[in-house]
Amino acid sequence: MLRNQKYLPIAIALILLFFLTRARALTAFPMFIDEGQHVFHGQEIAASGPLANAVEGRQLTYWTYLVFQPGDHTSLFAIRAATILVVTVGFSALLASGRMLAGTLGMVFAGVAYTLSTYHFFYDRLALADTLAGSTMLVAVYFSLRLRKRFRLRDAVFVGISLFVMVMFKLTTLAFFGIPVAAVLFIRNRQVSWRQRITWAGTALVVGGGLFGGYILLAFWRGYNPFGLLVTHNTAETSDLVARWLANMGDFANWVSGYLSGPVFVLLVLACVILLFRRDFFLLAVAFGPLAVQLINPRQTPRYWVGAVAILLLILSVVIARLWPRLHRLVRWGSAGAVGLYALVIWLPFLLTAYSHPADLPLPRHDHREYIQSDGSGFGVREISAITLEENPAQVIVLAANCWAFQYMSSDLPIVCPPINPDGSEIESLTQLLSESRQGGVYVIAENSPYVPEEIPGEVIAAVERPGDLTTLTLYDLSP
């Protein structure tokens, strides 16, 4: 093996370890509402055309999952397996970036840091647009870092393509389109002139922007507004902007430290400070530039930051790798012991719980409520579906926000999902539907939600409470 390829066995081992930790028990965690939406919209695209649902701003996510899922009970595994494949590409790019910045040691530390990240472990195993986009962003960062060693326009082309793919996975990642600008401003290479840098950045932006602009024009020409959901969920309100940003920054710190632990979050901050004092600004710009934009939005959730936090872990890994040769042997052994202790005390219990008892995952309060307790959760679906199957129903009307979980996790049941609106506007029509459906063999699974009729006719057969007792699924027999 050539000398400059001796890192390959280590890289392959890191990738295999990462893949195995992510791929095991992939369907243990029930289908979250957004995952079901991706399957459903993919089926709509198959029926209506490739630009259907373009208003959602995540068209490539739908196309990707459409390729991998048949729309039945195997959908959950298929879309999550597809996600793992994309994430593995991003992980490989992270390893390559670590090696480029700090040698083989940087690659190893980056691989270990990301693999041990319970934050990324949780989101890597969910079929979410944020996960796909964040992984693709890491590919753009890797091709940008190649400017450290050479000037090649094909690298800029790959950056542009990566950015296009990223924003097609999720439109809200547009802020990362500044990566080429950050690269030409902050990546050090005296062999590359400013004229070459400007040409390089222009090439990346023209390729990425041209591809995305072409898609936007095509969508508008066909009558779709790709920015529709982005405008709906983002406010133009500028009052108390600083207070809102600071509050969101506090949430960012609390939620990320809730996953990674307080000491690790402090290390992330210290690593960023070290890079700042060393005037090594590229990774800082990639992480904090888009993050600063994202934190303006009043609507925040931890999954929005998977890419930015991955860059923070890369920063930590690179800083430690560069300092490692100067550290005393006892400090090295102590650091290795601390990583081992972290793996045993925090990471391994998190993994084992995710594999076997996902309802008990120690998620931060926000995510525990959203993914486990709320009406968007898939918990309780398997249990109430098993009870319903014993009744041998002819039809099952599901009045629940996450009806998609029933469709794609309980395909043995004749599921019907009538439209439900969070504003309660469908309650009257739902009440009429239940009244007209009173006959033998018809069952209802209803959620105790404010947008579901309070009075359900028929006999209560069983009830399943979701973890946290926030919502309950109740089975009714509509036999007269």
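Per my numbering: the sequence shown = residues 1297 to 1776.
Glycine is no exception: its CB is placed at the ideal position from the N, C-alpha and C atoms.
G1672, buried or exposed, once every other Cβ within 10 Å from all chains shown has been counted against 16: Residue numbering aside, residue 1672 sits at position 376 when the sequence shown is read from its first letter. Burial call: buried.
Report all residues from its chain with a CB closer than 8 angstroms to the CB of S1557; omit the five preceding and five following residues, and keep chain order. Sequence index remark: in the sequence shown, residue 1557 carries index 261 (1-based). Taken in chain order, the residues that qualify are Y1638, I1642.
Proximal residues to G1603 (C-beta, below 6 angstroms), its chain only, five neighbours per side dropped: As a working mapping, residue 1603 is identified with position 307 in the sequence shown. Here the set comprises G1430, M1433.
For the candidate residues A1543, L1428, Y1600, V1614, whose alpha-carbon lies nearest to that of A1574? Working through the sequence shown from its first residue, we reach residue 1574 at position 278. Contrary to the premise, residue 1574 reads as Arg rather than Ala in this sequence. The residue with the shortest Cα to Cα distance from R1574 is V1614.
Please give the ranges of any alpha helix (DSSP H) in the stretch 1477-1550, keeping only runs that are unbroken, at least 4 residues long and fully inside the region. Within the stretch 1477-1550, the complete alpha helix (DSSP H) segments of 4 residues or longer fall at 1490-1517, 1524-1529, listed in chain order.
Find the nearest neighbour of D1773 within the set R1762, D1765, G1754, judged by alpha-carbon distance. The residue given as residue 1773 occupies position 477 in the sequence shown. Distance from the Cα of D1773 is smallest, within the candidate group R1762, D1765, G1754, for G1754.
What alpha helix (DSSP H) runs, 4 residues minimum, are completely inside the stretch 1392-1466? The qualifying runs are 1414-1420, 1425-1441, 1449-1465.
Is W1496 buried or exposed, if buried means 16 or more other CB atoms sit within 10 Å of its CB? The residue labelled residue 1496 in the question sits at position 200 within the sequence shown. It counts as buried.
Report yes if the CB atom of A1650 is closer than 8 angstroms to the CB atom of L1657, and no otherwise. Numbered from 1 along the sequence shown, position 354 holds the residue referred to as residue 1650. Numbered from 1 along the sequence shown, position 361 holds the residue referred to as residue 1657. Cβ distance < 8 angstroms, so A1650 and L1657 count as in contact.
CB contact flag (L1771, A1758, <8 angstroms): As a working note, residue 1771 is residue 475 in the sequence shown. As a working note, residue 1758 is residue 462 in the sequence shown. In contact: L1771 and A1758 (Cβ atoms closer than 8 angstroms).
The alpha helix (DSSP H) enclosing Q1339, as first and last residue numbers: For the purposes of this step, residue 1339 is identified with residue 43 of the sequence shown, where counting begins at 1. Counting along the chain, the alpha helix (DSSP H) containing Q1339 begins and ends at 1329-1344.
Spatial distance of F1646 from H1653 (CA atoms): Numbered from 1 along the sequence shown, position 350 holds the residue referred to as residue 1646. Numbered from 1 along the sequence shown, position 357 holds the residue referred to as residue 1653. Take the alpha-carbon of F1646 and the one of H1653: they are about 10 angstroms apart.
At what residues does the beta strand (DSSP E) containing E1686 begin and finish? In the sequence shown, the residue the question calls residue 1686 occupies position 390. Run containing E1686: none in the beta strand (DSSP E); it sits in the alpha helix (DSSP H), 1677-1686.
Report the rounded CA-to-CA distance for I1723 versus E1743, giving the unit in angstroms. As a position in the sequence shown, residue 1723 is number 427, starting the count at 1. As a position in the sequence shown, residue 1743 is number 447, starting the count at 1. So the alpha carbons of these two residues sit roughly 13 angstroms apart.
If I measure Cβ to Cβ from A1374 and keep anything under 6 angstroms in the same chain, skipping five residues before and after, which residues do I get? By 1-based counting over the sequence shown, the position of residue 1374 is 78. Cβ within range, chain order: F1364, Q1365.
What is the C-beta distance between V1455 and A1500, in whole angstroms, given that I count them as a contact (C-beta under 8 angstroms)? As a first step, residue 1455 must be located in the sequence shown, where it is residue number 159. As a first step, residue 1500 must be located in the sequence shown, where it is residue number 204. Going by Cβ atoms, the distance from V1455 to A1500 rounds to 4 angstroms, so yes, they are a contact pair.
CA-CA distance, F1548 and W1541? To locate residue 1548, count along the sequence shown from 1; it is residue 252. To locate residue 1541, count along the sequence shown from 1; it is residue 245. In this structure, the straight-line span from the alpha carbon of F1548 to that of W1541 is close to 10 angstroms.
Fully enclosed by the stretch 1679-1753, which alpha helix (DSSP H) runs are 4 residues long or longer? Listed in chain order, they are 1699-1705, 1723-1732.
To the nearest angstrom, report how far apart V1677 and V1694 are at their CA atoms. What you label residue 1677 is simply residue 381 of the sequence shown in a count that begins at 1. What you label residue 1694 is simply residue 398 of the sequence shown in a count that begins at 1. Rounded to the nearest angstrom, the two C-alpha atoms are 11 angstroms apart.
So, for L1563: in the same chain, excluding its five sequence neighbours on each side, which residues have a beta-carbon less than 8 angstroms away from its beta-carbon? Walking along the sequence shown from the start, residue 1563 turns up at place 267. Counting only Cβ-Cβ distances below 8 angstroms, and skipping sequence neighbours, we find L1612.
What does the alpha-carbon distance come out to for the pair L1397 and N1717? Residue numbering aside, residue 1397 sits at position 101 when the sequence shown is read from its first letter. Residue numbering aside, residue 1717 sits at position 421 when the sequence shown is read from its first letter. Cα-Cα distance, rounded: 50 angstroms.
Across which residues does DSSP place Y1303 in a beta bridge pair? As a first step, residue 1303 must be located in the sequence shown, where it is residue number 7. BP columns for Y1303 are empty, so no partner.
Taking the beta strand (DSSP E) that A1759 belongs to, which residues open and close that run? Position 463 of the sequence shown, counted from the start, is the residue given in the question as residue 1759. Per DSSP, the unbroken beta strand (DSSP E) holding A1759 starts and ends at 1755-1761.
How many angstroms separate the CA atom of E1687 from the CA atom of E1331? Position 391 of the sequence shown, counted from the start, is the residue given in the question as residue 1687. Position 35 of the sequence shown, counted from the start, is the residue given in the question as residue 1331. The straight-line gap from Cα to Cα measures roughly 28 angstroms.
Look at the alpha carbon of V1351 and the alpha carbon of I1512, and state the distance between them as a whole number of angstroms. What you label residue 1351 is simply residue 55 of the sequence shown in a count that begins at 1. What you label residue 1512 is simply residue 216 of the sequence shown in a count that begins at 1. Going by the C-alpha atoms only, they are around 11 angstroms apart.
Measure the CB-CB distance between I1311 and T1414 and report whether it falls below 8 angstroms. Translated into the one-based positions of the sequence shown, residue 1311 becomes position 15. Translated into the one-based positions of the sequence shown, residue 1414 becomes position 118. Not in contact: I1311 and T1414 (Cβ atoms no closer than 8 angstroms).
Leaving out five residues before and five after A1690 in sequence, what residues of the same chain have Cβ atoms less than 7 angstroms from its Cβ? On the sequence shown, position 394 is the one that residue 1690 refers to. So the qualifying residues of the chain are P1710, G1737, V1738.
H1337 versus L1526 - alpha carbon distance: In the sequence shown, the residue the question calls residue 1337 occupies position 41. In the sequence shown, the residue the question calls residue 1526 occupies position 230. C-alpha separation (whole angstroms): 17 angstroms.
Under the rule that 16 or more other beta-carbon atoms within 10 Å means buried, what is I1341, buried or exposed? Walking along the sequence shown from the start, residue 1341 turns up at place 45. Residue environment analysis places I1341 among the buried positions, since at least 16 neighbouring C-beta atoms fall within 10 angstroms of its C-beta.
For T1770, the three-state DSSP class (helix, strand or coil): If you number the sequence shown from 1, residue 1770 lands on position 474. Strand, per DSSP.
Taking the alpha carbon of T1317 as the reference point, which residue from G1510, L1362, R1421, L1729 has its own alpha carbon closest? Here residue 1317 refers to the residue found at position 21 of the sequence shown. Ranking the options by Cα distance to T1317, first place goes to R1421.
Taking Cβ positions, are S1344 and Y1704 nearer each other than 8 angstroms? Within the sequence shown, residue 1344 is the residue found at index 48, counting from 1. Within the sequence shown, residue 1704 is the residue found at index 408, counting from 1. For S1344 and Y1704, no; Cβs fall outside 8 angstroms.
Leaving out five residues on either side along the sequence, give the residues of the same chain with a beta carbon under 6 angstroms from the beta carbon of V1760. The residue you call residue 1760 lines up with position 464 of the sequence shown. The residues are G1676, E1679, I1680, L1769.
Check G1386 in the structure and name its three-state DSSP category. As a first step, residue 1386 is located in the sequence shown; it is residue number 90 there, counting from the start. In the structure shown, the three-state DSSP call for G1386 is helix.
Under a three-way DSSP split, which group does H1369 fall into? If you number the sequence shown from 1, residue 1369 lands on position 73. When secondary structure is reduced to three states using DSSP, H1369 falls in the coil class, being assigned neither helix nor strand.
Apply the 10 Å Cβ neighbour rule to W1551 and answer buried if 16 or more other Cβ atoms are within range, or exposed otherwise. Taking the first residue of the sequence shown as position 1, residue 1551 is located at position 255. Label assigned to W1551: buried.
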